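In this note's numbering, the protein residues as written are 5 to 415.
Now the structure itself:
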């Protein structure tokens, strides 16, 4: 019996040793493949995907300092219901307050004003590539003051990656806290389209798969099952592989395309989801007494402007990727249908800005994500200032209602 037991244990140890050696050899073989893939991807990004021309911001004296501040300020913290928002930051060109909101440069009268304008959007509203004083909200504040509306306080709720629904949830939380804006402006498009293309269906936040993975991991680590936890940690180690994760992402995107159908059908879904969400805003506006304005932003996917060499190189790099081609096809359908649907939801208060740069031959887009130069913002603000002015002038006069409380902490 003792001999049989010893032989059994020897066989187990031999099997474990063989398995360990096999895993080690596989790992050693995989390392150079992974390394080669990472190097090739880095070369592709720097040589092919990035235009061989200087960014329009590259020669600006303020830009090196801005870049350092932008990198330092890109720290996100968890935000209930909307998932993320920036941590506080102070710099020369970028300032984020304790609530995670970007500074809007405006006069003292505007900061203390009894009227308020809430502006929502993604990183283009937040002001990526732009100094505090040159963001859309800051320029709009100056334009309103020039029109005699110096008592309008503008608050920039824009945040990197936000889609329309996240912005509406943010608005709901502000209303719950007691804030009562007179005007609410939404500036959207690219994030909603990109999210739908990646997720395979419209109406979801960007990178929803990451939040699903985070939730599953948290549940697993809190389960107390040590063996499964170790397997989970081993799987996470494998997921550090760029080759494996990129391959899995490509397979998911291909499967999503097959489920959701063509760019036309996905584009229709995006427009329908946007209009339905706007319908929620319209109901809130009736209950809380604000006027809602909606702007569909210009991007390289839908802008009608004559492209500069830099912008053409950006567009070519987009057309060279499967995701980029998906986005062009999806945008073509969404752009057309969103105009029709929004004319029914918010007639006269939806503005498709795809053609806002149609006469400008200069370089306005600084990257493939739709971010623009500071020089592009005056044309955008010019489309917004008149409807915002009309809405503010139609609002109750200062003193006829209780003043708006400051933006409240949302948790």
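In this text, a Cβ means the ideal position worked out from N, Cα and C, and glycines have one as well. Note that the coordinates shown come from a computational prediction; the quantities given were computed from them, not determined experimentally.
Of the residues the options, which one's Cα is nearest the Cα of residue i?
i: residue 336; options: 271, 312, 176, 356; result: 271
i: residue 390; options: 62, 152, 344, 65; result: 152
i: residue 144; options: 132, 63, 158, 134; result: 158
i: residue 306; options: 89, 360, 347; result: 360
i: residue 366; options: 400, 168, 309, 164; result: 309
i: residue 393; options: 100, 93, 26, 147; result: 147
i: residue 381; options: 319, 302, 318, 90; result: 302
i: residue 285; options: 78, 15, 124; result: 124
i: residue 368; options: 343, 281, 198, 128; result: 128
i: residue 344; options: 12, 168, 280; result: 280
i: residue 399; options: 331, 289, 379; result: 289
i: residue 197; options: 97, 397, 331; result: 331
i: residue 134; options: 362, 168, 74, 89; result: 74
i: residue 199; options: 177, 358, 126; result: 126
i: residue 97; options: 88, 167, 378; result: 378
i: residue 383; options: 374, 362, 397; result: 362
i: residue 374; options: 167, 132, 136, 88; result: 132
i: residue 168; options: 181, 364, 291, 297; result: 297
What is the rounded straight-line gap between the Cα of residue i and the Cα of residue j?
i: residue 409; j: residue 193; result: With a pLDDT of only 49 at residue 409, under the threshold of 50, the placement of this residue in the model should not be trusted; the figure read from the coordinates follows. So the alpha carbons of these two residues sit roughly 30 angstroms apart.
i: residue 370; j: residue 108; result: 22 angstroms
i: residue 372; j: residue 304; result: 7 angstroms
i: residue 226; j: residue 218; result: 12 angstroms
i: residue 173; j: residue 295; result: 17 angstroms
i: residue 187; j: residue 293; result: 9 angstroms
i: residue 175; j: residue 322; result: 33 angstroms
i: residue 299; j: residue 138; result: 19 angstroms
i: residue 179; j: residue 269; result: 35 angstroms
i: residue 118; j: residue 385; result: 22 angstroms
i: residue 2; j: residue 190; result: Nothing can be reported for residue 2, as the shown portion of the chain is limited to 5 through 415.
i: residue 347; j: residue 274; result: 16 angstroms
i: residue 183; j: residue 121; result: 11 angstroms
i: residue 349; j: residue 283; result: 6 angstroms
i: residue 413; j: residue 324; result: Reliability of the predicted coordinates at residue 413 is poor, the pLDDT of 48 falling under 50, and the value obtained from them is presented with this limitation in mind. Cα-Cα distance, rounded: 44 angstroms.
i: residue 224; j: residue 69; result: 43 angstroms
i: residue 328; j: residue 165; result: 17 angstroms
i: residue 66; j: residue 72; result: 11 angstroms
i: residue 100; j: residue 140; result: 16 angstroms
i: residue 160; j: residue 103; result: 11 angstroms
i: residue 407; j: residue 287; result: At residue 407, the pLDDT of 44 sits below 50, so the modelled position is not reliable; the number obtained from the coordinates is stated separately. Residue 407 and residue 287: Cα-Cα distance of roughly 23 angstroms.
i: residue 92; j: residue 80; result: 9 angstroms
i: residue 95; j: residue 76; result: 9 angstroms
i: residue 201; j: residue 10; result: 59 angstroms
i: residue 155; j: residue 395; result: 14 angstroms
i: residue 142; j: residue 185; result: 17 angstroms
i: residue 15; j: residue 26; result: 16 angstroms
i: residue 195; j: residue 401; result: 36 angstroms
i: residue 78; j: residue 211; result: 17 angstroms
i: residue 105; j: residue 334; result: 31 angstroms
i: residue 216; j: residue 90; result: 21 angstroms
i: residue 19; j: residue 220; result: 32 angstroms
i: residue 162; j: residue 88; result: 12 angstroms
i: residue 58; j: residue 397; result: 44 angstroms
What does DSSP give as the partner residue(s) for residue i in the beta ladder?
i: residue 160; result: 106, 123
i: residue 299; result: 191, 355
i: residue 376; result: 369
i: residue 87; result: 83
i: residue 363; result: DSSP, once it has assigned bridges, lists no residue as partnering residue 363.
i: residue 94; result: 99
With a threshold of 16 other CB atoms inside 10 Å of the CB of residue i, please say whether the residue is buried or exposed.
i: residue 36; result: exposed
i: residue 214; result: exposed
i: residue 277; result: buried
i: residue 209; result: buried
i: residue 222; result: exposed
i: residue 60; result: buried
i: residue 150; result: exposed
i: residue 22; result: exposed
i: residue 376; result: buried
i: residue 170; result: buried
i: residue 319; result: buried
i: residue 63; result: exposed
i: residue 358; result: buried
i: residue 136; result: buried
Specify whether the segment 111-124 and the segment 75-94 touch according to this definition: at least 3 beta carbon pairs, one from each stretch, less than 8 angstroms apart. Segments in contact, no.
With a threshold of 8 angstroms, are at least 3 pairs of Cβ atoms found where one atom belongs to the segment 324-341 and the other to the segment 379-396? A contact is defined here as three or more CB-CB pairs under 8 angstroms, and the segment 324-341 fails this definition with respect to the segment 379-396.
Meets three-Cβ-pair contact criterion under 8 angstroms: the segment 195-207 and the segment 312-320: In short, these stretches do not touch, since the Cβ pair count stays below three.
Any contact of the segment 341-355 with the segment 94-110, i.e. 3+ C-beta pairs under 8 angstroms? The segment 341-355 makes no contact with the segment 94-110: fewer than 3 CB pairs, one atom from each, lie closer than 8 angstroms.
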